[in-house]
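Those sequence lines, one after another, are chains A and B. First residue of the first sequence? That's 3 in the working numbering, and the numbers climb one at a time after it. First residue of the second sequence? That's 3 in the working numbering, and the numbers climb one at a time after it. Just so it is clear, CB atoms sit at the ideal spot from N, CA and C, and this is done for glycine as well. Values in this document were obtained by computation on a predicted structure and should not be read as measured data.
2 protein chains.
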Amino acid sequence: MSTKIKISEQFKEVQDHICQSLEALDKKSTFQEDLWQREGGGGGRTRIITDGNIFEKGGVNFSEVYGPVTEMMKSQLKLDGNEFYATGVSIVLHPKNPFHPIMHMNVRYFEMDNGVYWFGGGIDMTPHYVNKSAAAKFHKGLKDLCDTYHSDFYPEFKTWADNYFFIPHRDETRGVGGIFYDHLKSKDHLEKDDLLRFAIELGHLFPVLYTQQVELCATSEWTDEHETWRNVRRGRYVEFNLVYDRGTQFGLKTAGRIESILMSLPQHASWVYNFQPEKNSPEEETLSLLKKDVDWMAHL
Amino acid sequence: MSTKIKISEQFKEVQDHICQSLEALDKKSTFQEDLWQREGGGGGRTRIITDGNIFEKGGVNFSEVYGPVTEMMKSQLKLDGNEFYATGVSIVLHPKNPFHPIMHMNVRYFEMDNGVYWFGGGIDMTPHYVNKSAAAKFHKGLKDLCDTYHSDFYPEFKTWADNYFFIPHRDETRGVGGIFYDHLKSKDHLEKDDLLRFAIELGHLFPVLYTQQVELCATSEWTDEHETWRNVRRGRYVEFNLVYDRGTQFGLKTAGRIESILMSLPQHASWVYNFQPEKNSPEEETLSLLKKDVDWMAHL
Numbered sequence: 003m004s005t006k007i008k009i010s011e012q013f014k015e016v017q018d019h020i021c022q023s024l025e026a027l028d029k030k031s032t033f034q035e036d037l038w039q040r041e042g043g044g045g046g047r048t049r050i051i052t053d054g055n056i057f058e059k060g061g062v063n064f065s066e067v068y069g070p071v072t073e074m075m076k077s078q079l080k081l082d083g084n085e086f087y088a089t090g091v092s093i094v095l096h097p098k099n100p101f102h103p104i105m106h107m108n109v110r111y112f113e114m115d116n117g118v119y120w121f122g123g124g125i126d127m128t129p130h131y132v133n134k135s136a137a138a139k140f141h142k143g144l145k146d147l148c149d150t151y152h153s154d155f156y157p158e159f160k161t162w163a164d165n166y167f168f169i170p171h172r173d174e175t176r177g178v179g180g181i182f183y184d185h186l187k188s189k190d191h192l193e194k195d196d197l198l199r200f201a202i203e204l205g206h207l208f209p210v211l212y213t214q215q216v217e218l219c220a221t222s223e224w225t226d227e228h229e230t231w232r233n234v235r236r237g238r239y240v241e242f243n244l245v246y247d248r249g250t251q252f253g254l255k256t257a258g259r260i261e262s263i264l265m266s267l268p269q270h271a272s273w274v275y276n277f278q279p280e281k282n283s284p285e286e287e288t289l290s291l292l293k294k295d296v297d298w299m300a301h302l
Numbered sequence: 003m004s005t006k007i008k009i010s011e012q013f014k015e016v017q018d019h020i021c022q023s024l025e026a027l028d029k030k031s032t033f034q035e036d037l038w039q040r041e042g043g044g045g046g047r048t049r050i051i052t053d054g055n056i057f058e059k060g061g062v063n064f065s066e067v068y069g070p071v072t073e074m075m076k077s078q079l080k081l082d083g084n085e086f087y088a089t090g091v092s093i094v095l096h097p098k099n100p101f102h103p104i105m106h107m108n109v110r111y112f113e114m115d116n117g118v119y120w121f122g123g124g125i126d127m128t129p130h131y132v133n134k135s136a137a138a139k140f141h142k143g144l145k146d147l148c149d150t151y152h153s154d155f156y157p158e159f160k161t162w163a164d165n166y167f168f169i170p171h172r173d174e175t176r177g178v179g180g181i182f183y184d185h186l187k188s189k190d191h192l193e194k195d196d197l198l199r200f201a202i203e204l205g206h207l208f209p210v211l212y213t214q215q216v217e218l219c220a221t222s223e224w225t226d227e228h229e230t231w232r233n234v235r236r237g238r239y240v241e242f243n244l245v246y247d248r249g250t251q252f253g254l255k256t257a258g259r260i261e262s263i264l265m266s267l268p269q270h271a272s273w274v275y276n277f278q279p280e281k282n283s284p285e286e287e288t289l290s291l292l293k294k295d296v297d298w299m300a301h302l
């Protein structure tokens, strides 16, 4: 079995494992699967959960696409080579409870016919209401895994996430960040197999982190005002994904499967003109924490 | 009084007239005004109406901005000159009733210190449910005004709107189109004053067209399913504005007043995974009509 097929098989297992874990957490809804094929080569398994106990809408997508490098890819991705291969798992979860966070994960592998390859990925969290201690535990989980691979990983990938998941026109981060990496190749003691193992371990960590956030959340009741704020924060999520997210932009411009790409958008979002939280409210505190370079370990 | 000041004064009157007309139509809510100033020079009057009888959320913005041409403007707008001046009125209305349409208008004037000037603008309509006869009457109103200026205007500007208000990744138009024009200078028998008069007349036509659509709508009751469809269509509107609209993109990237730029986004929008209308439903008929090059005059 070639390396790339081995990787995509492991990514499929990651998708299976995550869907099972999230269904066990939700206890009501299950994932519905759509299989799709890409005209130029490859396809994917889109899995969507809706109207659950925990999840209002969530997607866990696997894809494996390949074929000739198009002109669009050359200009957008600056690729050197004729044929590409890409496989990955992408997740976005939008919970019902305003005190549960939106969480996103992506792990991906890219290979060119000239032998060049790299890994990319990350996990980041967007609480509607930031709970400092819960955010710190989320970061601790990521740091612990990163540290078993390379001492550079957490500090580098945490900063990368701060800079990537940022909404310049709002001057705020999308959430409390997490880790983000791209173009990762063998480095120091880490071989290709180690980087694959890192991606797979990240995949397995994802449902653990989400379950932890749900367990840390003591609030099972909320008001219309909390829902309004949740929907406004989701609006910001839409702004980031449609205006800045490179994966979304690339998908829209290269005619990927639109419904799979835009599964990241919430069931309900809201734009309230010039919404200003009250002084000293939890909403205001959340805004004050949507900044780069927060040292979350200090909040443990 | 210099020409540009005369134009901005007339645009302010257009804003006043439109707000008064829409308040008279709504009969419940009134516009709230925010005055803002631009750091580099100029400012605006943002007026927002919310929670009305007719309007769930609507904005009627006037702005007049000027100053040195920045590097960003040079690269984005390909401007030749050192100082620019721009003034305009922008409107987006999101009604409550799913059978009332979203309607947008913009009229704008641009001038460089080297004497180059142009007008731009347009009106387009995005019904949640397309009513062919009502859409035809909307186009007829635009055509009648265009025809009093130049026989090229309606056919050229109608095609321009079809191409501009288009969502490539959905392969659908934003709505039933209307007219769109840019870089309009004196042409044939039309002098600068005529083009200004055309912009002002478009501004006065806007509330007439909106009122006509409300009057043509016989349906004052609707179901949750109609609201779901309305919110899904609003989601498409968000996609167009955040991904493709040049004015929005430019505003976000040049740090304009974000709340004024994004007043175009609806109070509530929805993304339902892979939403497919039922066969032979009004929703399916609407989708079938979101195409370029529909000859609306044939539906009168």
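Which of helix, strand or coil DSSP assigns to residue i
| i | result |
| --- | --- |
| P70 (chain B) | strand |
| A93 (chain A) | Before going further, note that residue 93 (chain A) is Ile rather than Ala in the sequence given. Reduced to three states, the DSSP call for I93 (chain A) is strand. |
| T221 (chain A) | coil |
| E58 (chain A) | strand |
| G83 (chain B) | coil |
| T150 (chain A) | coil |
| E113 (chain B) | strand |
| H270 (chain B) | coil |
| K189 (chain B) | strand |
| D53 (chain B) | coil |
| H130 (chain A) | coil |
| D18 (chain A) | helix |
| S65 (chain A) | strand |
Length of the line joining the Cα atoms of residue i and residue j
| i | j | result |
| --- | --- | --- |
| K80 (chain B) | E35 (chain A) | 47 Å |
| E11 (chain B) | Q17 (chain B) | 10 Å |
| Y239 (chain B) | S188 (chain A) | 44 Å |
| F33 (chain A) | E203 (chain B) | 54 Å |
| H152 (chain A) | R176 (chain A) | 26 Å |
| D115 (chain B) | T5 (chain B) | 13 Å |
| A137 (chain B) | N165 (chain B) | 17 Å |
| I9 (chain A) | G46 (chain A) | 14 Å |
| H19 (chain A) | R235 (chain B) | 35 Å |
| E158 (chain B) | F242 (chain B) | 22 Å |
| E287 (chain A) | F277 (chain A) | 14 Å |
| L147 (chain A) | G253 (chain B) | 41 Å |
| D184 (chain A) | G143 (chain A) | 20 Å |
| G42 (chain A) | M74 (chain A) | 13 Å |
| F121 (chain A) | E193 (chain A) | 12 Å |
| H301 (chain B) | K14 (chain A) | 52 Å |
Candidates the options, of which the one nearest residue i by Cα
| i | options | result |
| --- | --- | --- |
| E1 (chain A) | A:F277, A:K293, A:N99 | What the structure shows of chain A is the stretch from 3 to 302, and residue 1 (chain A) is not part of that stretch, so it cannot be assessed. |
| M105 (chain B) | B:W120, B:T32, B:H130 | B:H130 |
| L218 (chain B) | B:V132, B:F86, B:F155, B:A163 | B:V132 |
| I125 (chain A) | A:G253, A:F112, A:H141, A:F13 | A:H141 |
| S92 (chain A) | A:E229, A:R232, A:M265 | A:M265 |
| L24 (chain B) | B:F208, B:F64, B:R172, B:G258 | B:F208 |
| R172 (chain B) | A:T128, A:E261, A:S77, A:A300 | A:E261 |
| E1 (chain A) | A:G249, A:S272, A:S290 | Look at the range of chain A in this structure, 3 to 302, and you will see that residue 1 (chain A) is not part of it. |
| N63 (chain A) | A:R259, A:T150, A:Y275, A:H301 | A:R259 |
| G249 (chain A) | A:I7, A:L37, A:V109 | A:V109 |
| S65 (chain B) | B:T48, B:C21, B:E227, B:D190 | B:T48 |
| L186 (chain A) | A:Y246, A:D196, A:L37 | A:D196 |
| F168 (chain A) | A:L198, A:Y111, A:Y246, A:D226 | A:Y246 |
Test: residue i CB closer than 9 Å to a CB of chain A
| i | result |
| --- | --- |
| Y111 (chain B) | no |
| S272 (chain B) | yes |
| P170 (chain B) | yes |
| V245 (chain B) | yes |
| P100 (chain B) | no |
Neighbourhood of residue i by C-beta, 6 Å cutoff - its chain only, sequence neighbours within 5 removed
| i | result |
| --- | --- |
| V67 (chain B) | R40, G44, A88 |
| Y212 (chain A) | M105 |
| K145 (chain B) | Y156 |
Residue-level contact to chain B via CB, residue i, 9 Å cutoff
| i | result |
| --- | --- |
| L37 (chain A) | no |
| R47 (chain A) | no |
| L289 (chain A) | no |
| E261 (chain A) | yes |
| P310 (chain A) | Absent from the model: residue 310 (chain A). The displayed extent of chain A is 3 to 302, so no value can be given. |
Same chain only: Cβ atoms within 8 Å of residue i, ignoring 5 sequence neighbours per side
| i | result |
| --- | --- |
| E341 (chain A) | As displayed, chain A neither begins before 3 nor continues past 302, which places residue 341 (chain A) out of reach and without an answer. |
| T221 (chain A) | N99, F101 |
| D82 (chain A) | M114, N116, V118 |
| F57 (chain A) | L24, D28, S31, I51, L95, H96, P97, K98 |
7 Å Cβ shell around residue i - same chain, five flanking residues per side excluded
| i | result |
| --- | --- |
| Q215 (chain B) | H102, P103, A136, F140 |
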